[in-house]
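This report refers to the structure that appears directly beneath it.
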Amino acid sequence: MSERTSDIGKFDAIIVGTGVGGLYAIHRLRKLGLSVRAFEAAGGVGGTWYWNRYPGCRCDVESLEYSYSFSDELQQEWHWPERYGTQPEILRYINHVADRFDLRRDIEFNTRVKEAAFDSDTNQWTVRTDKGHIATARYCIMATGNLSTPRQPSIPGLASFTGKWYHTGLWPHEGVDFTGLRVGVIGTGSSGVQSIPIIAKQAKHLYVFQRTANFSLPARNMPMPPDKERAHKAEYAARRRAAYDTPFGIAGHPPPVKSALEATEQERQHAYEAKWAEGGSISFLYSYTDLLVNQESNDTASEFVRRKIRATVKNPETAEMLCPNNHPIGTKRLILDTDYYETYNRDNVTLVDIRRKPIQEITPTGLRTVAAEYELDAIVFATGFDAMTGALKEIDIHTDAGLSIQATWKGGPRTYLGIMMAGFPNLFMITGPQSPGVKSQMILACEQHVDWIADCIQHMRHNGLTRIEAEQEAEDWWVQHNNEVAARTLYPLANSWYMGANIPGKPRVFMPYVGGVTAYKKKCDEVAANGYQGFRFATILQDQRAAAD
Ligand code: N01
């Protein structure tokens, strides 16, 4: 941390991060009349969409859904050119929102929060940044994102590599031209699968180093059909409301009515074919009621996709390597692609199985597995993130009662509703662990949390309350409930980032709430309606009296 410090004052609320959640928090809290200050590590707004500029980066939720709902004018006026938004388009949209609602004036850019400390005498948080800023506020709102801490495996020899290397989550702003180069991509999650077809078109040769084959479905991206846009916008408000009554926060997909096992083989093939042709992951998982809870049902969908892979990829050995075989479909993030499997029919693309023949080291001129050496000019790490807890644990969050997030979350995250942690008063998280965030339409999830938090702060201000804290019993119950809900599904069967399985040494705990957006929002609303059940409020005076007793 810098030696020089500058006290930039007292605010009602400090917001950490200005992705979609943080930006909306600035807007919403300002409307309540609060003074806010946001800190942003990046040079601009947008969070994930600011950093992930890799070729082919695009959202896997349709653009008419993946957008803010809080301003009807905004949602009516903005035109999405394609079915799924590209990264540049989404970033353009987020910048437009920042300008339209004049959000930038309360943001310190290029400033990373390093520490947040709670003082119970004043019920205030003091935040310190890498630029030496010190700021205090009653409320601290962590809008730090779930996939914002890029993770690069420690493979020996990287420092000796004479070519260039990149991480998809920290992509250079000026872009990268792979023309004529021998390129290695490590990782075949969403980022790898989206970038591989594009890099393959540029590179002299592309080597894909795959540890785990993942399920991917065709996105079927297309220019936005004007009649679809018109129809959607005509009923936007109703659609936004309806989205809260769906498991993933996305409206427009008729809910399934029966188990995959109640259908005949022929019916199933027909249903999966229709979803395959339509494009989209939610619609595919919506084919039957039990694809995510019944292994036998899931097998029918998993096998359908494996057959598609075998039918697409001409080299049978490559096709077999691409067939996922160690997790049920949908238990890792189901990927949407454009020409991913087709890419392996190109002469300049080689798939390398590093599960059976692991990477040994990076050399000055490429990469060596236990079986062979590959000459490379560039390496792309599409190796993911320290998801859900990484960004929060990077900040030294602690209280004067001696609690720290690092110690409290040693065995995995613990939250009440994914919004607060017991022992950390006045500290809110947007889409924290144990909320549905990453298992839903993220902008809807951010709006729901920010609205809930804003209403809660409003309640406190009306009632002269200066402190809110999750009760330990409420948190314990929510953590247990979260685990029970996950255990009823197939999700824990996959070594996914949802489980923390991609980070060596990270506790294996299923982190998102998978009881569905409907149940979750109902619970949050009930908690608020019942006087914020499971939360304890106080004023400074009450605290002092309690201490004296
Ligand atoms: O990261 P990932 P991602 N040696 O963790 C491999 C969202 N997102 O950036 O599975 C070799 O999914 C790892 O292998 P394995 C979306 O929610 C959305 O792709 O651990 N390989 C895996 O193949 C997504 O789920 C969009 O065996 C190593 C890959 O790297 C999330 O972000 C687009 C390795 C990492 O896959 C993360 O996606 C992009 C090692 N040491 C991202 N370590 C859209 O909206 C890791 N791997 C479309």
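Offset between the sequence shown (1-based) and my numbering: plus 125. Just so you know, even glycine gets a beta-carbon here, dropped at the ideal spot from N, CA and C.
Spatial neighbours of R661 in its chain, beta-carbon cut-off 6 Å, leaving aside the 5 residues before and after: E594, E596
Neighbourhood of S127 by C-beta, 8 Å cutoff - its chain only, sequence neighbours within 5 removed: Because S127 carries a pLDDT of 42, less than 50, the predicted location of this residue cannot be relied on, and the following value inherits that uncertainty. If we look at S127 and ignore the five residues flanking it on each side, its Cβ neighbours are D255, K256, G257.
Neighbour-count burial assignment, P449, 16 or more Cβ in a 10 Å radius: buried
Minimum C-alpha distance to I578 - residue among G589, M554, G144, E600: M554
Closest by C-alpha distance to I520, when choosing among E202, F373, T251: T251
Heavy atom of the ligand N01 within 7 Å of Q319 beta-carbon: Q319: yes, Cβ under 7 Å from the ligand N01.
Close Cβ partners of L552 (< 6 Å) along its chain, the five nearest in sequence each way excluded: C265
Bridge partner(s) assigned by DSSP for A138: Looking at the DSSP assignment, A138 forms a beta bridge with V161, Y264.
For S131, the residue or residues it bridges with in DSSP: S131 is bridged by DSSP to H258.
Beta-carbon gap between Y457 and N607 smaller than 8 Å: Here residue 457 is Lys; the residue named in the question, Tyr, does not match the sequence. The answer is no: Cβ separation not under 8 Å.
Where T130 falls, given that 16 or more other Cβ within 10 Å makes a residue buried: Classification of T130: exposed, given that the 10 Å Cβ count is below 16.
Cβ contact (3+ pairs, closer than 8 Å) linking the segment 330-338 and the segment 173-191: no
Counted within 10 angstroms of its Cβ, other Cβ atoms place V382 as buried (16 or more) or exposed: exposed
Proximity test, N627 beta-carbon vs the ligand N01 heavy atom, cut-off 7 Å: yes
N423 versus A626: straight-line alpha-carbon distance, rounded: 21 Å
V634 versus L618, A260, T475, residue with shortest Cα-Cα distance: L618
Residue range of the alpha helix (DSSP H) that includes L154: 145-156
Best match in V474, M513, R481, Y175 for proximity to K564 [C-alpha to C-alpha]: Ranking the options by Cα distance to K564, first place goes to M513.
Reference Q335, options Y291, V477, A653, Y645, closest by Cα: The shortest C-alpha separation from Q335 is found at V477.
Residue closest to I407, alpha-carbon to alpha-carbon, out of G377, F549, E390: Per the Cα distances, G377.
Sequence-ordered residues whose beta carbon comes within less than 5 Å of a heavy atom of the ligand N01: C184, D185, L272, P278, G312, T313, G314, S315, S316, R336, T337, R458, T508, G509, W622, N627
Secondary structure, alpha helix (DSSP H): runs of 4+ residues fully inside the segment 490-532: 515-518
Under 8 Å between C-beta atoms of L410 and L615: With a cutoff of 8 Å on beta-carbon distance, L410 and L615 are scored as not near each other.
Touching by the beta-carbon criterion (3+ pairs, under 8 Å), the segment 199-215 and the segment 173-181: Cβ pair count under 8 Å is three or more, so yes.
Spatial distance of P348 from E609 (CA atoms): 42 Å
Identity of the residue in S279, R253, V505 nearest I311 by Cα: V505
Residue burial classification, T556 (beta-carbon count within 10 angstroms, cutoff 16): Classified as buried, T556 has 16 or more neighbouring CB atoms from the shown chains inside 10 Å of its CB.
Closer than 8 Å to chain D by CB, G317: The chain labelled as chain D is not found in the depicted structure, where only one protein chain is given.
Closest residue to I412 among E486, E390, A663, P379 (Cα-Cα distance): The amino acid at residue 412 is misidentified as Ile; the sequence shows Ser. For S412, the nearest C-alpha among the options comes from P379.
Selected residue, minimal CA-CA separation from T293, among L569, G270, R276, I280: R276
Span of the beta strand (DSSP E) around K239: 238-244
Proximity to V438 [Cα-Cα], best of H452, A385, T468, D137: T468
Three-way DSSP call (helix, strand, coil) for Q566 in this model: coil
Length-filtered (4 minimum) alpha helix (DSSP H) runs lying within the segment 354-405: Taken in chain order, the whole alpha helix (DSSP H) runs of length 4 or more contained in the segment 354-405 are 361-368, 390-403.
Touch test, the segment 569-576 against the segment 142-149, Cβ-Cβ under 8 Å, three pairs minimum: yes
A612 versus E600, V639, R162, residue with shortest Cα-Cα distance: Of the candidates E600, V639, R162, the one whose C-alpha sits nearest the C-alpha of A612 is V639.
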